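Before any comments, here is the structure.
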Amino acid sequence: MRNRFVFVFVGLFFTVSLFAKNYPKREMRAVWIASVANIDWPSRAGLSVDMQQQEMIELLDLAKEYKMNTVIFQIRPAADAFYKSEIEPWSQWLNGKQGMAPPEDYDPLQFTIEQCKRRGLDIHVWLNPYRAVFDLNKSSVSEDHPYKAHPEWFVTYGNKGYFNPGLPETRNHVASVVADIVKRYKVDAVHFDDYFYPYRIAGKEFPDQAAFEMYPRGFDDSRKDDWRRDNVDLIIKQLHDTIKTLAPHIEFGISPFGVWRNQSVDPRGSATRAGQTNYDDLYADILKWQKSGWIDYVTPQIYWHIGKEVADYAVIADWWSKNAYGCRLYTGHGFYRIDKDSKDKAWRSSKEIVRQVELNRKYPNIDGSMFFSAKLMRSNPLKLKERLNKLYRYDALPPVNMRVTQAVPEAPSNTQMLVKGNKIQLDWTSGNNNEYFIVYKFKKGKPATTESAENILRVTGATRITGTINKHTDPEKYYYMVSGVSSTNQESVCVFFE
């Protein structure tokens with residue numbers, strides 16, 4: 001069977017319309033899957049492999065039902081691992097005791113990657129840079145954990161153990177962990193959250209004075225805060241360089257606290273009154289990383305409602321949009337805030353999430369959303385799913401990030417359409433650099449406008465789809481096409497099914 005190729009030029013078919021704004025074809029729609037303290041997955045430590053896998057499958061299927069296109073899977077919550085590692089021990093939140101391995105043939109990360117790819121979902125792996133022992137009074141700490149192998153690397157703050165950010169050894173260790181992951185696993189991004197220096201504890205100074213005296217790097221006592229920011233700059237730059245050397249197509253993203261700095265202390269800051277900020281308390285100069293090209297995307301966690309007096313979602317989203325510096329910008333939203341008994345009236349309805357996403361779409365520099373967290377998809381608070389399904393009426397692809405080296409996809413081939421009775425089956429062969437596929441459906445007599453999300457029939461990692469013929473799928477009334485999408489979300493030309 002002869003394939004006919006259609007080269008779709010954006011400039012030819014793309015028109016700016018209300019419809020396109022309401023239903024964009026490219027939009028980040030991601031959900032965090034938190035493993036720390038068994039927040040999302042697994043639901044408790046010590047589940048059988050089969051139960052763990054079934055729970056993950058349930059979450060990924062829900063992600064598709066909610067029209068998500070990306071998951072952010074926490075694989076290193078406290079210098080531990082939800083994957084096979086020779087550098088750090090298995091997580092206590094997997095099997096109940098740190099260092100206790102699952103059956104030899106089971107790798108939770110590899111399993112999740114494979115399941116994501118089947119569904120056409122991108123997977124970002126989420127790591128915490130400095131947290132090493134979650135609770136010094138309760139946490140299981142194995143003999144092969146870095147905390148015991150190199151106690152000189154760590155400090156205690158509150159009831160937790162942290163890598164000392166002032167030591168080069170800790171930067172090198174974290175970089176080695178990231179290098180190991182990007183060399184061995186087919187992930188789409190490496191993702192760090194907001195926990196750099198920990199949030200301040202009233203009346204307690206973070207105990208890094210000895211490291212400051214050992215490695216001052218030209219900073220004096222009056223500039224210790226600058227030294228701390230430089231510590232975090234150094235690890236971000238080293239991680240960027242590590243990823244780009246080993247896997248230049250993989251994105252590096254940061255999800256910081258929602259406020260960079262208050263305007264009251266810096267005219268460049270936002271009109272907020274946050275009690276703690278990235279720059280002044282977590283020592284994370286996010287804007288510097290964006291400007292320097294050290295990160296590929298940023299997702300500020302704006303877990304407040306529109307109109308909140310001290311931290312208004314609308315004010316903060318606007319501020320980040322004006323300070324993107326060419327970095328892909330997504331906003332973090334709090335599913336967990338939705339509660340009919342919330343003290344904030346805005347959160348007594350899931351409409352607040354809808355309002356925030358609709359506001360995002362008015363800003364050309366905001367490219368989508370990430371939602372915390374996955375378990376809320378199960379409970380569907382206050383009809384969240386129904387409202388998101390109206391907002392996300394059609395599937396969408398993640399945005400292309402031009403800060404990474406692009407993988408160019410070849411078009412699929414050998415397309416075949418089989419009609420038998422009331423069944424229709426579409427088959428094709430994957431081309432080079434095809435991670436997943438977009439199957440389109442068009443009404444006969446109308447052009448193949450692939451820039452319109454309404455024409456997407458299916459996003460899938462498979463090379464076959466089947467369905468029942470009805471008035472919406474009748475091949476006498478509709479024609480079909482398929483394209484391949486690469487690991488960097490570049491889409492190939494489309495191929496007809498004949």
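Taken in order, the sequence shown gives residues 1 to 498; the numbers are from the UniProt record's numbering. Just so you know, even glycine gets a beta-carbon here, dropped at the ideal spot from N, CA and C. Model, not experiment: these values are computed from the prediction.
Asn-128 and Val-315 have their alpha carbons spaced roughly 28 Å apart. Straight through space, the alpha carbons of Ile-438 and Ser-139 are spaced by roughly 45 Å. As computed with DSSP, Trp-32 is found in a beta bridge with Ile-72. The beta carbons of Tyr-199 and Gln-110 sit no closer together than 8 Å. The residues Asp-208, Ala-211, Phe-212, Tyr-215 and Asn-231, in chain order, have a CB closer than 7 Å to that of Gly-166 in the same chain once the five nearest residues on each side in sequence are set aside. Here Tyr-283 is actually not in contact with Arg-337; their C-beta atoms are around 27 Å apart, not less than 8 Å.
Within a 10 Å sphere around the beta-carbon of Thr-466 sit fewer than 16 other beta-carbons, which makes this residue exposed. Note on Thr-429: under 16 other CB atoms within 10 angstroms of its CB, so exposed under the neighbour-count rule. The criterion of a C-beta distance shorter than 8 Å is not satisfied by Ser-413 and Ile-39. Contact check for Met-417 and Phe-497: beta-carbon distance about 4 Å, within the 8 Å limit, so the pair qualifies. Non-local beta-carbon contacts of Thr-473 in its own chain, meaning distances under 7 Å to residues more than five positions away in sequence, involve Ile-424 and Gly-467 in chain order. Of the residues assessed, Met-51 falls on the exposed side of the cut-off, its CB having fewer than 16 other CB atoms within 10 angstroms. Residues of the same chain with a CB within less than 7 Å of the CB of Ala-34, apart from the 5 flanking positions on each side, are Asp-40, Gln-74 and Ser-373 in chain order. Around Arg-393, the same chain offers Tyr-23 as residues with beta carbons nearer than 6 Å, after the five sequence neighbours per side are excluded. By the beta-carbon neighbour count (other beta carbons within 10 angstroms, threshold 16), Glu-454 is exposed. For Ser-483, the enclosing beta strand (DSSP E) begins and ends at 478–485. Burial is judged here by how many other beta carbons sit within 10 angstroms of a residue's own beta carbon; Ser-483 has at least 16 and is buried.
Exposed is the label assigned to Glu-86, since fewer than 16 other Cβ atoms lie within 10 Å of its Cβ.
For Asn-262, DSSP records a beta bridge to Ser-270.
Fully enclosed alpha helix (DSSP H) runs of no fewer than 4 residues occupy 313–322 and 351–360 of the stretch 302–373, in order along the chain. For Gln-425, the beta-bridge partners assigned by DSSP are Leu-418 and Thr-466. The residues Ser-255, Pro-256, Phe-257, Asn-278, Leu-282, Ala-284 and Gln-301, in chain order, have a CB closer than 8 Å to that of Asp-194 in the same chain once the five nearest residues on each side in sequence are set aside. Residue range 224–246 is occupied by the alpha helix (DSSP H) that includes His-240, with no beta strand (DSSP E) assigned at that position. Taking each of Leu-457, Lys-345 and Lys-343 in turn and checking the Cα distance to Asp-395, the smallest one comes out for Leu-457. Of all C-beta pairs linking the stretch 44–60 to the stretch 164–181, fewer than three are shorter than 8 Å, placing the two stretches out of contact. In this structure, Tyr-480 lies away from Tyr-436, with their beta-carbon atoms at least 8 Å apart. In the structure shown, the three-state DSSP call for Leu-384 is helix. For Asp-122, the enclosing beta strand (DSSP E) stretches over residues 122–127. By the Cβ criterion, the stretch 147–159 is not in contact with the stretch 89–104, since fewer than three pairs of Cβ atoms, one from each stretch, lie closer than 8 Å. Bridge partners of Glu-251 according to DSSP: Ala-189. At least 8 Å separates the beta-carbon of Arg-131 from that of Ile-235. The DSSP-derived three-state label of Leu-94 is helix. Under DSSP, Val-493 shares a beta bridge with no residue.
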